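A.B. asks: If you're matching positions, the sequence shown starts at 662 in my numbering and goes up one per residue.
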Amino acid sequence: MADTLLGTVIENLGSFVREELATFLGVGEQTQRLSGNLTAIRAVLKDAEERQITSHAVKDWLQKLADAAHVLDDILDECSITSKAHGDNKWIARFHPKKILARRNIGKRMKEVAEKITLIAEERIKFGLQVGVMEERQRGDDEWRHTTSVVAEPEVYGRDRDREQVVEFLVRHAVDSEELSVYSIVGVGGLGKTTLAQVVFNDERSIIESTIGKNPDLSSLESMQKAVREILLNK
Numbered sequence: 662m663a664d665t666l667l668g669t670v671i672e673n674l675g676s677f678v679r680e681e682l683a684t685f686l687g688v689g690e691q692t693q694r695l696s697g698n699l700t701a702i703r704a705v706l707k708d709a710e711e712r713q714i715t716s717h718a719v720k721d722w723l724q725k726l727a728d729a730a731h732v733l734d735d736i737l738d739e740c741s742i743t744s745k746a747h748g749d750n751k752w753i754a755r756f757h758p759k760k761i762l763a764r765r766n767i768g769k770r771m772k773e774v775a776e777k778i779t780l781i782a783e784e785r786i787k788f789g790l791q792v793g794v795m796e797e798r799q800r801g802d803d804e805w806r807h808t809t810s811v812v813a814e815p816e817v818y819g820r821d822r823d824r825e826q827v828v829e830f831l832v833r834h835a836v837d838s839e840e841l842s843v844y845s846i847v848g849v850g851g852l853g854k855t856t857l858a859q860v861v862f863n864d865e866r867s868i869i870e871s872t873i874g875k876n877p878d879l880s881s882l883e884s885m886q887k888a889v890r891e892i893l894l895n896k
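And the structure:
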């Protein structure tokens, strides 16, 4: 959503320059600075949108960016309306006392939002946001997309002992049973039963180790499939 908003604002800013409204309203310098900063920010948006899941600071940064972009878009709309109202007489209107005050007001607001966006652009460096990082990670993770759980394990706290207990049952007891084994996780709603089950499901290293009898190579889906295939062929 942030990318769409920023794309619209950058496009409107380009029209603003092409129609010479920036010169007419005396905000040419701010416009150039805004264009450069917005383009730089947009280049790291994908990385920021991925990081906001685990970083409140980056999430706040994206919100500040959205707020500033909305303010800038409103100013550009107002400038466009003002220009259309004057039509071919806009250069004459430029020297009208009332219009000078209006231009000064728009210039002040444009300068304020330009300063905010400059700070936002500088913060992207502080956060270490990278260009195109999201696409690279997606390419590396494509083969895992079909098998991963929806749980983000770094955000699950206080369930290590419960997880170890369930995994212990699965790899030490259930694996030797001739019959189907069931481990029930019971309790009132809201205790995190589903979350615990998903965390156990994600503990693939322990479970696969119990199946193939050695430390599994989980670096790729292909290596896992190869190990399981060898076990099945030897049965």
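Cβ coordinates follow ideal geometry from the N, Cα and C atoms, glycine included. Fair warning: this is a prediction, and the values are worked out from it, not measured in the lab.
1. Following a CB-centred definition, is V827 positioned closer than 8 Å to any heavy atom of the ligand NAD?
2. Which residue from E784, C740 and I778 puts its Cα closest to that of R765?
3. Tell me the DSSP secondary structure of G789 in three-state form.
4. In three-state terms, what does DSSP make of T715?
5. Measuring straight from C-alpha to C-alpha, what distance separates A704 and V792?
6. Just to confirm my understanding: we take A683, look at its own chain, exclude 5 residues before and 5 after, and list those with CB closer than 7 Å. What are they?
7. Can you grab the Cα-Cα spacing for the pair G675 / S716, in whole Å?
8. For D734 versus L790, is the C-beta spacing smaller than 9 Å?
9. Going by beta-carbon coordinates alone, are L699 and V670 separated by less than 9 Å?
10. Is the beta carbon of A709 less than 9 Å from the beta carbon of K777?
11. Compare the C-alpha of E672 against each of R785, L737 and F788 and name the closest.
12. Got a sec? Which residues, its chain only, sit under 7 Å from V774 by beta carbon, not counting five neighbours each side?
C.D. replies: According to the structure data:
1. Ligands are entirely absent from the displayed structure, and the ligand NAD is therefore not among its contents.
2. Counting from one through the sequence shown, the residue named residue 765 turns up at place 104. Nearest C-alpha to R765: C740.
3. Working through the sequence shown from its first residue, we reach residue 789 at position 128. In the displayed model, G789 falls within coil according to three-state DSSP, outside both helix and strand.
4. In the sequence shown, counting from the first residue as 1, residue 715 sits at position 54. DSSP, reduced to helix, strand and coil, places T715 outside both helices and strands of the structure shown, so it counts as coil.
5. Counting from 1 along the sequence shown, the entry for residue 704 is found at position 43. Counting from 1 along the sequence shown, the entry for residue 792 is found at position 131. Distance between the alpha carbons of A704 and V792 is about 5 Å.
6. Numbered from its first residue, the sequence shown carries residue 683 at position 22. Take A683, set aside five residues on each side of it, and the residues of its chain with a beta-carbon closer than 7 Å to its own are F677, G689 and T692, in chain order.
7. Looking up residue 675 in the sequence shown gives position 14. Looking up residue 716 in the sequence shown gives position 55. Rounded to whole angstroms, the gap between the alpha carbons of G675 and S716 is 33 Å.
8. Numbered from 1 along the sequence shown, position 73 holds the residue referred to as residue 734. Numbered from 1 along the sequence shown, position 129 holds the residue referred to as residue 790. No, the Cβ-Cβ distance between D734 and L790 is not below 9 Å.
9. Your numbering for residue 699 matches position 38 in the sequence shown. Your numbering for residue 670 matches position 9 in the sequence shown. Going by C-beta atoms, L699 is nearer than 9 Å to V670.
10. Here residue 709 corresponds to residue number 48 of the sequence shown, with the count starting at 1. Here residue 777 corresponds to residue number 116 of the sequence shown, with the count starting at 1. Taking 9 Å as the cut-off, the Cβ atoms of A709 and K777 do not count as close.
11. Residue 672 sits at position 11 when you count from the first residue of the sequence shown. With respect to the C-alpha of E672, the residue from R785, L737 and F788 having the closest C-alpha is L737.
12. The residue given as residue 774 occupies position 113 in the sequence shown. So the list reads A729, V732, L733 and I736, once near-sequence residues are dropped.
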